[in-house]
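In our numbering, the protein residues as written are 114 to 303.
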């Protein structure tokens with residue numbers, strides 16, 4: 114199964130570069146949704162501190178990082194706490210996500226496959242991720258190169274559901290090329 118502690122140590126440098134690129138897209142007064150996972154936590158830790166932001170999240174580790182930033186208004190969904198992923202899960206949390214809107218959502222993945230789509234290890238996270246994608250005007254997938262070509266059980270989106278994909282420069286050309294050919298997705302390999 115998924116372990117956030119293990120995920121934090123894997124591809125550390127790449128995730129940091131991805132997070133830096135992700136936060137460079139954030140503007141003053143943005144409302145952003147940050148997905149669960151280690152890359153999401155890197156994004157939270159690198160959020161700018163000099164501009165007003167509203168952050169919506171559903172993972173305790175993300176909430177803890179953002180809570181110390183005085184410039185951020187924090188909205189946290191509640192619910193059952195999954196220790197392995199730090200995710201809070203409930204129908205009320207989903208309702209809160211549905212009732213709020215965001216300029217940008219940063220979504221993480223365990224698997225990114227051109228044909229079979231974007232997947233996660235924890236099946237229970239599917240609906241939350243789908244709701245986060247539907248609630249934002251700009252949908253950004255943040256996934257390091259080790260996730261490309263990988264398939265996990267929980268399908269929650271297709272590559273075409275995203276406007277921007279941020280990965281690292283170790284992505285194989287045969288995985289990047291079909292995304293580039295789509296023409297309507299901005300692909301950053303940092």
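Backbone N, C-alpha and C define an ideal beta-carbon position, used for all residues, glycine too.
Local conformation of residue i per DSSP, three classes
{"i": "residue 224", "result": "strand"}
{"i": "residue 236", "result": "helix"}
{"i": "residue 318", "result": "Not covered by the structure: residue 318. The range shown for the chain is 114 to 303."}
{"i": "residue 241", "result": "helix"}
{"i": "residue 129", "result": "helix"}
{"i": "residue 144", "result": "strand"}
{"i": "residue 231", "result": "strand"}
{"i": "residue 168", "result": "strand"}
{"i": "residue 134", "result": "helix"}
{"i": "residue 295", "result": "helix"}
{"i": "residue 160", "result": "coil"}
{"i": "residue 247", "result": "helix"}
{"i": "residue 123", "result": "coil"}
{"i": "residue 139", "result": "coil"}
{"i": "residue 272", "result": "helix"}
{"i": "residue 175", "result": "helix"}
Same chain, Cβ closer than 8 angstroms to residue i, five either side skipped, listed in chain order
{"i": "residue 264", "result": "224, 226, 229, 232"}
{"i": "residue 155", "result": "128, 129, 131, 132"}
Cross-strand partners of residue i (DSSP beta bridge)
{"i": "residue 252", "result": "218"}
{"i": "residue 261", "result": "225"}
{"i": "residue 301", "result": "279"}
{"i": "residue 267", "result": "233"}
Contact set for residue i: own chain, Cβ-Cβ below 6 angstroms, skip 5 residues either direction
{"i": "residue 139", "result": "none"}
{"i": "residue 259", "result": "124"}
{"i": "residue 261", "result": "225, 284, 288"}
{"i": "residue 127", "result": "257, 281"}
{"i": "residue 277", "result": "253, 299"}
Close beta carbons around residue i, own chain, < 7 angstroms, minus the five adjacent residues each side
{"i": "residue 192", "result": "201, 202, 203, 205, 206"}
{"i": "residue 302", "result": "280, 281, 282, 284, 289"}
Q) Contact between the segment 188 to 206 and the segment 149 to 156: three or more CB pairs below 8 angstroms? A) yes
Q: List in chain order: all unbroken beta strand (DSSP E) runs of 3+ residues lying wholly within the segment 177 to 217.
A: Inside the segment 177 to 217, DSSP marks whole beta strand (DSSP E) runs of 3 or more residues at positions 185 to 189, 193 to 195, 200 to 202, from first to last along the chain.
Q.
Taking 8 angstroms as the cut-off, does the segment 126 to 139 touch the segment 201 to 214 (at least 3 CB pairs, one atom from each stretch)?
A. Touching, no, given that fewer than three Cβ pairs across the two stretches are closer than 8 angstroms.
(Q) Is it the case that the segment 172 to 184 contacts the segment 211 to 220, given that we only count it when at least three CB pairs across the two stretches are under 8 angstroms? (A) Contact fails: fewer than three Cβ-Cβ distances are below 8 angstroms.
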